[in-house]
Amino acid sequence: MRVLLVEDEPSLGQAVEEHIRDAGHAVDRVLRLDDAEAALRAVDYGLVLLDLHLPDGSGLDLLRTMRRQGDVRPVIILTARDQIRDRIDGLNAGADDYLVKPFDLDELAARVAAVARRAAGNPSPIVTLDDIELNQAARELKRGGKRIDLTQREWAILDQLLRRPNAVVSKEQLEETLYSFGAEIESNTIEVHVSRLRKKLGKDLITTIRGVGYRLERA
Ligand code: CA
1 MRVLLVEDEP SLGQAVEEHI RDAGHAVDRV LRLDDAEAAL RAVDYGLVLL DLHLPDGSGL
61 DLLRTMRRQG DVRPVIILTA RDQIRDRIDG LNAGADDYLV KPFDLDELAA RVAAVARRAA
121 GNPSPIVTLD DIELNQAARE LKRGGKRIDL TQREWAILDQ LLRRPNAVVS KEQLEETLYS
181 FGAEIESNTI EVHVSRLRKK LGKDLITTIR GVGYRLERA
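Number 205 in our numbering belongs to position 205 of the sequence shown; there are no gaps in the numbering.
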């Protein structure tokens with residue numbers, strides 16, 4: 001998933017960015033509201049982490065604008081300990097969750113995962129399809145009860161496909177999920193990883209929809 005982090009405090013911003021990246025997500029960090037607005041227009045983020053007190057205004061205004069425009073992308077607000085009013089206003093403005101600074105980074109990662117699952121319509125960390133079971137929280141994949149080891153990139157791609165069974169996921173959407181791993185995305189990167197997934201999981205599982213993307217189908 002690609003995450004937009006709007007946080008102007010340098011050390012906190014960097015710590016959050018690294019931790020969310022380690023959890024397997026791509027992170028874009030901006031320090032100002034106007035940059036956040038531009039990023040939201042340009043990129044299909046899976047989730048937004050939003051500080052409220054920013055150099056050029058209030059994160060609350062950005063959140064209200066998003067919701068007024070029908071933008072339902074999940075937002076977790078990051079607030080200061082003594083600002084109870086901020087938390088209430090944030091939730092009333094359409095935030096999905098909040099965290100109070102200073103927060104534990106593992107708790108942040110768990111909340112990011114939980115909010116993203118709810119937004120995708122499935123709050124369970126375990127996704128199953130036929131005899132395949134993917135446990136996001138335990139980072140474990142099984143087929144027919146047998147454990148299969150995946151690389152971080154293979155995992156990210158399979159997770160995207162499994163969360164939308166029978167739907168076509170575009171190559172671009174899958175590329176978005178790989179940006180966090182730093183390396184350049186070549187034009188055939190997704191094909192290479194899908195081919196490795198087929199070797200590990202069986203070649204019948206992932207269907208290529210030529211020119212459109214990939215689909216994971218129930219047997
Ligand atoms: Ca701030």
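Just so it is clear, CB atoms sit at the ideal spot from N, CA and C, and this is done for glycine as well.
Predicted model only: the values in this text are computed from it and were never measured.
So, L78 versus D104, is the Cβ gap smaller than 8 angstroms?
Not a contact, by the Cβ cut-off of 8 angstroms.
Going along the chain, which residues of its own chain have a beta-carbon closer than 6 angstroms to the beta-carbon of L4, five neighbours each way excluded?
Only D28, A39, Y45, V48 meet the Cβ criterion.
The beta strand (DSSP E) that contains I132, what's its start and end?
Counting along the chain, the beta strand (DSSP E) containing I132 begins and ends at 132 to 135.
Please report the distance separating the alpha-carbon of R87 from that of L162.
Computed Cα separation, rounded: 34 angstroms.
In angstroms with no decimal places, state the Cα-to-Cα distance between D159 and K101.
Each residue's alpha carbon lies about 30 angstroms from the other.
State whether the stretch 9 to 29 contacts the stretch 107 to 115, with contact taken as three or more CB pairs (one from each stretch) at a distance under 8 angstroms.
Cβ pair count under 8 angstroms is three or more, so yes.
By Cβ distance below 6 angstroms, which residues in the same chain neighbour I132 in space, the five residues on each side in sequence not counted?
Correct list, in chain order: R143.
With distances taken from each beta carbon to the nearest heavy atom of ligand 1, which residues come in below 5 angstroms, in chain order?
In chain order, the hits are D8, D51, H53.
If I'm right that L178 touches R139 with Cβ under 8 angstroms, what's the distance once you round it to whole angstroms?
Not really, about 17 angstroms apart at Cβ, beyond 8 angstroms.
Hey, I148 and K203 are a contact pair by Cβ (cut 8 angstroms); roughly how many whole angstroms apart?
Between K203 and I148 the Cβ distance is about 14 angstroms, and since that is not below 8 angstroms, they are no contact.
Taking 8 angstroms as the limit between beta carbons, can you name the residues of its chain near A95, skipping five residues before and five after?
Correct list, in chain order: L50, L63, V75, I76, I77.
Looking at P165: is its Cβ nearer than 8 angstroms to the Cβ of L129?
Going by C-beta atoms, P165 is nearer than 8 angstroms to L129.
Can you tell me where the alpha helix (DSSP H) holding I88 begins and where it ends?
Element bounds for I88: 84 to 92.
Alpha carbon to alpha carbon, how far is E175 from R67? Give it in angstroms, no decimals.
If you take the alpha carbons of R67 and E175, they lie about 27 angstroms apart.
Taking the straight line between their C-alpha atoms, what separation do you get for G13 and I209?
One C-alpha to the other measures close to 39 angstroms.
Among all the DSSP beta bridges, which residues are the ones paired with L197?
Answer by DSSP bridge pairing: none, since L197 is not bridged.
Are the beta-carbon atoms belonging to D97 and V115 less than 8 angstroms from one another?
It is a contact, given that the beta carbons lie within the stated cut-off.
Taking buried to mean at least 16 other C-beta atoms within 10 Å of its own C-beta, is R2 buried or exposed?
Flag for R2 reads buried.
How big is the Cα-Cα spacing for R215 and V127?
Taking the straight line from one Cα to the other gives about 16 angstroms.
Within a Cβ cutoff of 7 angstroms, which residues of the same chain sit near E37, ignoring the five residues on either side of it in sequence?
Closer than 7 angstroms at the Cβ level, and outside the excluded window around E37, lie L62.
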